[in-house]
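Using UniProt numbering, read the sequence shown as starting at 1 and increasing by one per residue.
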Amino acid sequence: AQILGGRGQGRHGSGTRAGPAVGVAVAHGRCLQAGHRGQTQQGSAELRTGKCSFCLGACGGSRGVAEAGKAPLQRALQVTVPHFQDWSGGEFQPTRIQILNVHVPHLQLKFIAGFGIHLLAATNFTFKIFRATVAQDWCPCSVPEPLHLMLPMALLADTPVSQGSIGTPVVSISGCFSLFDKAIVLDGHNSRRPFVGLPQFPHEGREEAGAMVPCNDVGTQAGRLSPIGPESQVHYSMIDTPTITNDYISLNINAVLFLLSRPIVLPVDTTPFVLPQHVGTRGAMATVGLSQDLFDSAILLLQKAGALNLDITGQLKSDYNLLNTSMLGQLIPEVGRQFPEPMPLVLKVRLGATPTVTLRTNNATLRLQPFVEVLAPASNSAFQSLFSLDVVVNLSLQLSVSKVRLRGTTSVLGNVQLTVASSNVGFIDTDHVQPLMGAVFEKPLLDHLNALLGMGVALPHVVNLQYVTPEIFVY
């Protein structure tokens, strides 16, 4: 997963873009970053979609990715060695060998155009060899001390990157070679001397057929459903085969959001998604571009699920409650006449019009047009409608990435705009009602929206990796 890196400029758009986009960039080699495609000083690999553009590359070049890959490679090589059959004294005797430690001092990765990645790793294996019991005249059951060896080895692997049958990127191993150096005996004083008790392997590569195993889970979470909420998911899938050069890997990916297993379809035809030139951050290991369509789909999903609707209620016993007939009666005389005693009010907020997300350079906004109905308790324990308002709320949208999810928070821009839609309490002066409605409406709305957007949308990502120190750009 960590071998997606490069040494050149990442591919980017032609300068004209089909629509606005959001990006995130991360600058540490062991982690992916979401961001725009753009020039990287040491390389990139990218995924582009109609709704989301995901760009994978090396942080600080392949060296950054290689540094990140040393630890997991060391763990992966810490395998159990089966017993060897030693021909000694005319009969087979089992020899137990244990790997005590694996150290990877050097790991080099290189893109191969039209193929995938070439891997070169220098490794030092420390073995503990339990030698067989040797019968002696003076002691019939003499047990020799275990032998500690260090065996330097170079591992070379060719790993093609392709498209799986279900739209997932597949990184497999087509060839793996081992180059052995002379084994070194480690005695109790940590001194080293050449070990001559075993024949030396030739210093030439030999293919290990057993290592040629496809790693289908290495790659992005394309082809899988990632949950957004209790009843919604996002599905990423590759559109075509990867484009691989000596400098980057580009994966063209499509994103579809589902609600109750049904895809969210935008009401208008989407335009091709092309990111502009010179976006992102230098030295990025990965870059992800998110198109306007992805945001439109996510907001449409929330609206269709009814998640943007809320009820705001007042509590009479609260010292800070403004949502009651007494406070409203000071602004609307008819309310005070109908309700001489303070009664709690309820605001039913419903999103009929589809919210819109607007992306401009370094700026993202969300526009909501809810229908708000003001209700008061009636004598028969039901609620009666006092009046209703058409409301327009403009919100600033701040984006962030946590783990592998894109999250958002909002804040109100300017004043909440009110228009009376209907009234059962006579004339309503919106200028008088504005301060009260702003006080009782804005905070519950922001709390509700931020809780929803804080859940986030799963981004395309590499298995077992997270986005770390991301930088977000809006274009």
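From the three backbone atoms N, C-alpha and C, an ideal C-beta is built for every residue, glycine too.
- Item | With 16 other Cβ atoms within 10 Å as the buried cut-off, status of residue 427 | The count along the sequence shown starts at 1 and reaches residue 427 at position 427. Flag for residue 427 reads exposed.
- The beta strand (DSSP E) enclosing residue 128, as first and last residue numbers: Counting from 1 along the sequence shown, the entry for residue 128 is found at position 128. Where residue 128 is concerned, the enclosing beta strand (DSSP E) stretches over 116-130.
- Message: Can you tell me which residues form a DSSP beta bridge with residue 371?
- Response: Mapped onto the sequence shown, residue 371 falls at position 371. Residue 371 is bridged to 350, 390.
- Query: Within 10 angstroms of its Cβ, does residue 487 collect 16 or more other Cβ (buried), or is it exposed?
  - Reply: Outside the shown range of the chain (1 to 475) lies residue 487, about which nothing can therefore be said.
- Query: Do residue 342 and residue 313 have their CB atoms nearer than 8 angstroms?
  - Reply: Walking along the sequence shown from the start, residue 342 turns up at place 342. Walking along the sequence shown from the start, residue 313 turns up at place 313. Not a contact, by the Cβ cut-off of 8 angstroms.
- Item | For residue 290, three-class secondary structure by DSSP | Looking up residue 290 in the sequence shown gives position 290. Looking at residue 290 - three-state DSSP - the assignment turns out to be strand.
- Task: Look at the alpha carbon of residue 422 and the alpha carbon of residue 340, and state the distance between them as a whole number of angstroms.
- Result: Counting from 1 along the sequence shown, the entry for residue 422 is found at position 422. Counting from 1 along the sequence shown, the entry for residue 340 is found at position 340. Whole-angstrom Cα-Cα distance: 22 angstroms.
- Item | Cα-Cα separation between residue 322 and residue 232, rounded to whole angstroms | Sequence index remark: in the sequence shown, residue 322 carries index 322 (1-based). Sequence index remark: in the sequence shown, residue 232 carries index 232 (1-based). When rounded, the distance between both Cα atoms is 36 angstroms.
- Task: Tell me, to the nearest whole angstrom, how far the beta carbon of residue 416 is from that of residue 440; I am working on the premise that it is less than 8 angstroms.
- Result: Stepping through the sequence shown from its first residue, residue 416 is reached at position 416. Stepping through the sequence shown from its first residue, residue 440 is reached at position 440. Not confirmed; about 11 angstroms, so no contact.
- Message: Along the chain, where does the alpha helix (DSSP H) containing residue 82 start, and where does it finish?
- Response: One-based indexing of the sequence shown puts residue 82 at position 82. Premise fails: residue 82 is in no alpha helix (DSSP H) and is neither H nor E.
- Message: Using CA atoms only, rank isn't needed, just tell me which of 435, 413, 255, 351 is closest to residue 330.
- Response: Here residue 330 refers to the residue found at position 330 of the sequence shown. Ranking the options by Cα distance to residue 330, first place goes to 435.
- Query: For residue 22, which residues does DSSP report across the bridge?
  - Reply: Taking the first residue of the sequence shown as position 1, residue 22 is located at position 22. DSSP lists 290, 474 as partners of residue 22.
- Item | residue 428 in three-state terms, based on DSSP | By one-based count along the sequence shown, residue 428 stands at place 428. Residue state, collapsed to three classes: coil.
- Identify whether residue 412 lies in helix, strand or coil by the three-state DSSP scheme. Translated into positions along the sequence shown, residue 412 becomes position 412. If DSSP states are grouped into helix, strand and coil, residue 412 belongs with the strands.
- Is residue 156 near residue 120, with beta carbons less than 8 angstroms apart? Taking the first residue of the sequence shown as position 1, residue 156 is located at position 156. Taking the first residue of the sequence shown as position 1, residue 120 is located at position 120. Yes, they are a contact pair.
- Message: Shorter than 7 angstroms, the distance from the beta carbon of residue 435 to the closest heavy atom of the ligand FAD, or not?
- Response: This structure lacks the ligand FAD, and indeed carries no ligand of any kind.
- Based on the DSSP output, what are the partners of residue 240 in its beta bridges? To locate residue 240, count along the sequence shown from 1; it is residue 240. DSSP, once it has assigned bridges, lists no residue as partnering residue 240.
- Over what stretch of residues does the beta strand (DSSP E) that includes residue 256 continue unbroken? In the sequence shown, counting from the first residue as 1, residue 256 sits at position 256. That run of the beta strand (DSSP E) goes 249-259.
- Item | Reference residue 260, options 71, 364, 302, closest by Cα | Taking the sequence shown and counting its residues from 1, one reaches residue 260 at position 260. The residue with the shortest Cα to Cα distance from residue 260 is 302.
- Item | Assumed close pair residue 472, residue 381 - CB separation to whole angstroms, cut-off 8 angstroms | One-based indexing of the sequence shown puts residue 472 at position 472. One-based indexing of the sequence shown puts residue 381 at position 381. In fact, because the Cβ distance is near 50 angstroms, the residues do not count as touching under 8 angstroms.
- Task: Apply the 10 Å Cβ neighbour rule to residue 292 and answer buried if 16 or more other Cβ atoms are within range, or exposed otherwise.
- Result: By 1-based counting over the sequence shown, the position of residue 292 is 292. The residue in question, residue 292, is buried, as its Cβ has 16 or more Cβ neighbours within 10 Å.
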